[in-house]
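Following: one structure in structure tokens, then a few remarks.
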Amino acid sequence: MLRSLIVLLLTALMLAAPPALAQQTTPGDTATQPSLLAPVIVDGERLFVLRGASGLPAERRAAEVVERIETLADGSTATSVAITTKDSDFGIVILADGVEIVTVTPADASMERMQIETLVAVQSSAIRAAILNYRAARTDSARRESAVQVLAWTAGFALFTILGIWLRRRLNRWCTRLVRRYFARLETATNAQVQADAIAALIRFGFSFVLLALFFLGIYYYLSLVLLSFAETRYVAHLLLTYVTTPVLNIVFGFVSYLPNLITLVIIALITRYVIRGLKVFFDAVEAGSFDLGDFERHWIGPTFNILRVLVVMIALVFSFPYIPGSDSAAFQGLTILVGAMLSLGSNSVMNNIISGLFVIYRRSTSIGDRIRVGEHVGDVVQIKLMETHLKSIKNEMISIPNAQLLNSDVINYSKHIDGNGLLVYTTVGIGYEEPADKVEAMLIEAAGRTKGLKARPAPFVLWAGLADYAVNYQINAYTTRGAIIPKITSDLHRNILDVFTENGVQIMTPSYVADPPEPKIAPAGWDGVLAHQRKES
């Protein structure tokens with residue numbers, strides 16, 4: 001069993017050796033191309049590499065050498081082999097027990113970069129060892145030893161399987177207890193309902209996946225070791241080891257060679273993190289008032305920090321790109337081009353809203369807390385994001401408006417004061433031509449005076465909005481500094497106008513006017529008492 005482990009390790013190292021052989025040859029030497037080379041493998045053991053020619057390909061030449069060695073080894077049970085050499089027109093011929101095995105040519109010596117006599121000695125030693133090992137592996141004692149090794153590997157694999165099952169059950173119970181205990185304390189501290197069972201199931205799945213992968217890997221190497229124990233199946237074992245061991249070794253060697261780049265990426269990530277943390281500390285100080293940036297408004301702090309953070313991360317990505325694995329490959333570059341094309345084709349509206357959001361944030365026309373009108377929507381600005389702006393309507397509805405629409409629409413801001421007079425609240429009523437204009441104006445000003453929230457100075461005033469077919473349209477205008485409650489002020493103004501006109505027996509013209517009715521269309525006198533009583537109590 002120990003010998004099998006040693007053979008397994010040597011096989012793994014041999015499988016990793018061909019790249020080194022390729023690096024020792026010059027790029028301009030066509031003899032070193034993989035298509036012109038073939039290894040000589042006996043019982044899964046790699047003896048040496050042969051060079052091919054136009055008349056004798058490398059694979060055919062190697063197969064003939066293997067056939068000669070196996071034929072000679074099968075024909076005798078002797079424990080010694082006589083290796084001799086002779087000169088020929090093509091090079092030096094190596095013979096084993098008088099049987100010609102291989103001819104070493106000057107081209108072979110040039111490929112191996114050594115003297116032809118040295119190469120002959122190396123290959124002769126490899127041939128002798130291969131013949132003796134071939135015979136020794138097929139003796140009765142070797143068969144018994146192989147059977148014992150198989151039993152030992154089977155017992156070891158059974159123990160490995162039992163240990164894996166026990167470990168899986170133990171880890172599942174331990175994970176469940178740990179997660180429940182930790183999240184129970186968290187729920188008590190935060191009064192939050194955390195799905196501990198779901199998190200425990202997710203962690204258990206991760207453990208099970210790792211154990212299952214190790215189990216299948218154990219099966220794979222168990223079969224390889226069993227096949228490696230017998231000489232007849234050793235070649236198949238080497239093939240199985242090639243399919244798994246070579247990729248694993250490539251991954252390990254690639255990771256080791258990538259460590260300097262990984263350290264560079266870690267350094268860039270740490271620098272980026274501390275730069276972002278420094279920006280956060282600075283903007284927190286600005287928000288707290290420790291630094292005065294002049295006209296820099298408070299609601300700009302969050303968006304400005306986010307923009308600078310994105311810029312820092314993008315700069316870090318530019319510096320990190322050359323150190324990312326595969327960044328210089330054509331596949332990686334093609335993938336980045338494809339992703340860029342997809343983003344450019346599918347994110348026009350997204351980028352439009354983001355750029356519009358920057359203009360909305362920094363153009364000073366709208367701030368958080370302002371009451372604005374955008375189209376048919378009226379509400380208070382709750383949040384301004386890069387993609388959209390949230391309004392809370394006067395009906396307590398949350399309205400999401402894309403920033404592109406906000407930038408391209410007429411925005412009325414009721415909270416921004418142009419001068420000290422405030423905003424004008426106005427409404428229009430139609431009164432018949434038979435009513436004196438001074439009387440109507442006095443009643444409208446009286447209604448404005450009764451309305452809470454309208455200023456007495458500057459005084460309310462009346463404009464003649466139009467001379468309609470059946471009425472004069474009077475517009476009452478009054479100033480207010482309470483832009484947040486304009487709908488309530490307008491509603492009270494309408495109520496007071498109706499009250500004043502009813503008290504004075506003046507009819508407000510209906511939209512569809514045919515003729516004057518016998519009696520004016522005004523509220524009954526009984527309502528005056530109710531209204532007066534309500535005003536008295538209020």
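Quick note on numbering: UniProt numbering labels position 507 of the sequence shown as 507, and the sequence is numbered without any gaps.
Glycine included, every Cβ here is placed at the ideal spot set by N, Cα and C.
- Judged by their CB atoms, ALA484 and SER415 are nearer to each other than the 8 Å cut-off.
- DSSP places MET111 inside the alpha helix (DSSP H), whose first and last residues are 106-112.
- Residue state for ARG181 is assigned as helix, using DSSP reduced to three classes.
- DSSP links LEU311 through a beta bridge to no other residue.
- Ranked by Cα distance from PHE461, the first of THR427, ASN261, ALA158 and ALA330 is THR427.
- Taking C-beta separations shorter than 8 Å and ignoring five residues to either side along the sequence, the partners of LEU240 in its chain run TYR220, LEU223, SER224 and LEU227, following chain order.
- In the DSSP assignment, the residues bridged to ARG373 are VAL378 and ILE412.
- Each residue's CA atom was taken as its position, placing MET398 and ALA341 some 35 Å apart.
- DSSP places GLU64 in the helix class (H, G or I) of the three-state scheme.
- When rounded, the separation of the alpha-carbon atoms in LEU424 and LYS488 is 14 Å.
- Under the 10 Å beta carbon count, ASP89 is surrounded by fewer than 16 other beta carbons and is classified as exposed.
- Boundaries of the alpha helix (DSSP H) harbouring TYR243: 234-288, taken from the DSSP string.
- For LEU293, no beta strand (DSSP E) run applies, since DSSP gives it neither H nor E.
- Sequence-distant partners of ILE324 (beyond 5 residues in either direction) whose C-beta falls short of 7 Å from its own C-beta are missing from its chain.
- Here DSSP, grouped into helix, strand and coil, assigns GLY466 to strand.
- Note: HIS390 is bridge-paired with GLN383 and SER400 in the DSSP secondary-structure output.
- Partner residues in the beta bridge of TYR474, as assigned by DSSP, are VAL429 and TRP464.
- Shown here for PHE332: same chain residues with a beta carbon closer than 6 Å to its own, the five before and five after excluded, namely GLY326 in chain order.
- Of the candidates ASP74, GLU100, SER76 and GLY91, the residue whose Cα lies closest to the Cα of ILE83 is GLU100.
- Here GLY44 is buried: its Cβ has 16 or more other Cβ atoms, across all protein chains shown, within 10 Å.
- According to the DSSP secondary-structure assignment, ARG46 is paired through a beta bridge with ILE41.
- For VAL500, the uninterrupted alpha helix (DSSP H) segment begins and ends at 486-503.
- When C-beta atoms of the stretch 374-389 are compared with those of the stretch 494-506, fewer than three pairs fall below 8 Å, so the two segments do not count as touching.
- For ASP87, the secondary structure class from DSSP, reduced to helix, strand or coil, is strand.
- Close CB contacts of ARG51 within its chain, under the 7 Å cut and outside five residues either way in sequence, are with ALA31, LEU36, LEU37, ALA58, ALA107, ASP108 and MET111 (chain order).
- Contact between SER208 and ARG234 is absent: CB atoms are separated by about 35 Å, not below the 8 Å threshold.
- In the DSSP assignment, ALA96 forms a beta bridge with ILE83 and VAL99.
- With fewer than 16 other Cβ atoms from the protein chains shown falling within 10 Å of its own Cβ, MET314 counts as exposed.
- The DSSP-derived three-state label of LEU335 is helix.
- Judged by their CB atoms, ILE94 and GLN123 are nearer to each other than the 8 Å cut-off.
- Nearest to SER320 by alpha-carbon distance, out of ILE276, SER290 and THR272, is THR272.
- In this structure, SER356 sits near ALA404, with a CB-CB distance shorter than 8 Å.
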